[in-house]
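Position one of the sequence shown corresponds to residue 4 (my numbering), numbered consecutively onward. Working notes, structure below.
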Amino acid sequence: AVQALALFGAMLLIWHLRSLAMLLFAAVVGAVGIDMLVNLVFSLLPKLSRGCAVTLVVAALLLGVWLLSIFVLPEIIFQCRELVALGPYIFNATRAEGLMRLAQLEEALVNFDLDTTKVRAVRTYVQGALKDPDLYSMLLAQLGGMGILQGVRVHMKNLVRVVLVCLLATLLALRPTEHRQVVLNSAPAFCRRRVAEILDMCREELGSLLIGMALTSLSVGLTFWFGLVLFRCPLALTSGVLNGAMNFIPTVGPPIGILFPAVLALVESRSLAWRALCMGICIHYVGKPILKPRLTRRYVTILPTTALLAQAGFGLLLGFTGAILALPLVAVWQVVLREAWQRDLMDRWTRLKR
């Protein structure tokens, strides 16, 4: 009973400290990413000290963020203003397209002598719900009111968290051996060598995942932006940035990135929307699976069902940040289960003789 109460108390403590654990894991992920770049610097400048290499990497990252804020961010802000101005037209075009598809479905059911009662009821309900011309203004006013009341505090909290994660990641990358030794000292002496091997495997797996996600996001975002520019779709840069960012939330993010420019293209024409939709499907579900194994020397395989369940679970428990960190956590957890549970425990479990 005492052991059960102690286990329950430990689980309750971890649950209450979940935000701190999430920040710590995000810092570890960032430290692994910085460490991969530091190793690249060491391959070019082998005589450089680790502190100088980390400083060089952090300075390069800050310079990249600064250049993006100068050259790319103003255009994105301008296109976001255009998106707000196009909002009523997008809403009306989407509403008309949906009603037209319901009418076509009803006609098809009539041609095949099938019951159309349910489809007609759905179309009547949708028409009644969307016939108000001021519906978009009402929705926008409600969302705007919520944003004004909650936006400042939420953004300040997120900014503080991002700064804290960046500082922790930099400190972890500066002295990785000492922090790794702290983890090893917490394990029993007889299994410290095995724990060290598993930690190295987790770092390798997590680093390969981050490199693959970063390169895939960059290539998908640039390809999407270039294709939308060729098709002359509205808000091409914003759609490209969104598609690149949504690759960090696989399984859930790509459909959002595909539908966003397709819905925007409805303002221009229906054929343009179909072209944008088909291009997004080809890039995400045809080109990306072919390109991704070629971008990284070690391809990290995560089952789609596992990724979806992890993103849904961590998204519900920890919010948007949990959905972003779900895939790195699954990659680490796969290594721990494979090495510690499967190979060290289950594979050595011999059948008992009667």
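Each residue gets a CB set at the ideal place from its N, CA and C atoms; glycine is no exception.
Rounded straight-line distance, which links the Cα of residue j to that of residue i
i, j, result
"A239", "C83", "11 Å"
"V35", "L340", "20 Å"
"M159", "V165", "10 Å"
"V335", "F28", "11 Å"
"E78", "E85", "10 Å"
"V266", "E100", "10 Å"
"I80", "T173", "30 Å"
"C285", "L348", "43 Å"
"M204", "G224", "30 Å"
"V44", "A63", "11 Å"
"V338", "I201", "7 Å"
"G243", "V31", "28 Å"
"T304", "E109", "43 Å"
"L231", "N246", "12 Å"
"E271", "R98", "15 Å"
"H114", "A124", "Note on identity: in this sequence residue 114 is Asn, with His being the wrong assignment. So the alpha carbons of these two residues sit roughly 18 Å apart."
"M14", "P258", "35 Å"
"L76", "L70", "9 Å"
"R21", "N161", "16 Å"
"I93", "L23", "41 Å"
Best match in the options for proximity to residue i [C-alpha to C-alpha]
i, options, result
"G210", "E78, I79 and V41", "V41"
"C55", "D38, V68 and G67", "D38"
"P91", "C194, L269 and R206", "L269"
"C236", "T97, L294, M282 and A248", "M282"
"T127", "N114, A111, Q107 and L102", "L102"
"L332", "T120, A310 and F229", "A310"
"K291", "S222, V185 and R183", "S222"
"A276", "A96, L59 and M249", "A96"
Within 9 Å, strictly: CB atoms of residue i and residue j
i, j, result
"F234", "R278", "yes"
"M25", "G325", "yes"
"P307", "T241", "no"
"A176", "V57", "yes"
"S220", "F263", "no"
"L319", "L328", "no"
"G67", "C169", "no"
"L212", "L330", "yes"
"A199", "R178", "no"
Short CB-CB distance (under 9 Å) between residue i and chain C
i, result
"L233", "In the structure shown, chain C cannot be found, because there is only a single protein chain."
Cβ pair count under 8 Å reaching 3, the segment 311-318 against the segment 344-354: no
Stretch pair the segment 42-56 + the segment 189-198: three plus CB contacts closer than 8 Å: By the criterion of at least three beta-carbon pairs nearer than 8 Å, the segment 42-56 is not in contact with the segment 189-198.
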